[in-house]
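Trainee:
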Amino acid sequence: MNFVTMLLHTKNVHLLKDVGMIPYMLWKQYGYNARIITYKNEEKYEYLEKEVRGLKLKFIPKGRLGKIVDGSIYLWKNAGKIDILNVYHLNLASFIWLHVYKWRKKRGGRAYLKLDMDLKGMERAKKPGLVGFVKRKTIRLSDIVSVESTIIQKELAPFLKKDILYLPNGFNLPKNSGQPFKKETIILTVGNLGTWAKAT
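Numbered according to this note's numbering, the sequence shown spans residues -14 to 185.
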């Protein structure tokens, strides 16, 4: 099974986030031929050496016309070899890439859209007009759609009349991590502090 994530701005840090962990776990646990399609945005992707060893990156050339065209060219040439295409976010790139993939694949392929959406993004997807239409059409083009919030899932699914999966972001623990440990009372805040979405 060939699983391809299209995120052309992938950097080393993304390999330990959902962008890297989904294809990595599909390869490691289920034997998928999983890879991320990206530009070479950093000289070295250090997490490939240890934390996600075995995850594959496919670097594509950065053209003059931008990521939408570059990704479309890749999909035009390779859609027939992709069983599951994974794209991120409700943007014009995802909209066009899904169209190219579906048109070139003809049948049998599956499109997975990981929304990575906050409440403002959900409201934009519900708005009338061209922008809202493109966002809703992107969701409808996808065979599998997931969000990280049950609030968004519960509101978006009935609005779009489509199944929306709740897939929270996770993490990968080493096999020997089941050893007992002493619990401490520590509060850790991680995120873009000061932003509206993080409510800090």
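Glycine included, each C-beta is placed from N, C-alpha and C at the ideal position.
1. Looking at the secondary structure, which residues open and close the alpha helix (DSSP H) in which A110 lies?
2. If you draw a straight line from the C-alpha of V132 to the C-alpha of K120, how long is it?
3. Given 8 Å as the limit, is there contact between the stretch 45 to 58 and the stretch -10 to 6, that is, 3 or more CB pairs closer than that?
4. Between Y24 and the rest of its own chain, which residues show a CB-CB distance below 6 Å, the 5 nearest in sequence each way excluded?
5. Candidates A64, S57, K91, K62: which alpha carbon is nearest S79's?
6. Quick one: give me the first and last residue of the beta strand (DSSP E) that L141 is part of.
7. Measure the beta-carbon distance from I21 to Y59 and round it to whole angstroms, keeping in mind my assumption that it falls under 8 Å.
8. Can you tell which of L75, P113, R125, L83 has its C-alpha closest to the C-alpha of M102?
9. Taking buried to mean at least 16 other C-beta atoms within 10 Å of its own C-beta, is L70 buried or exposed?
Mentor: The short version:
1. Taken as a continuous stretch (DSSP letters only), the alpha helix (DSSP H) holding A110 covers 104 to 111.
2. Rounded to whole angstroms, V132 to K120 spans 14 Å at the Cα level.
3. Flag = yes, the stretch 45 to 58 and the stretch -10 to 6 touch.
4. Correct list, in chain order: L(-7), K47.
5. When each option's Cα is compared against that of S79, the closest is S57.
6. For L141, no beta strand (DSSP E) run applies; the uninterrupted alpha helix (DSSP H) run containing it begins and ends at 135 to 145, by DSSP.
7. So it is not a contact: roughly 12 Å between Cβ atoms.
8. Of the listed residues, the one whose Cα sits closest to M102 is L75.
9. Label assigned to L70: buried.
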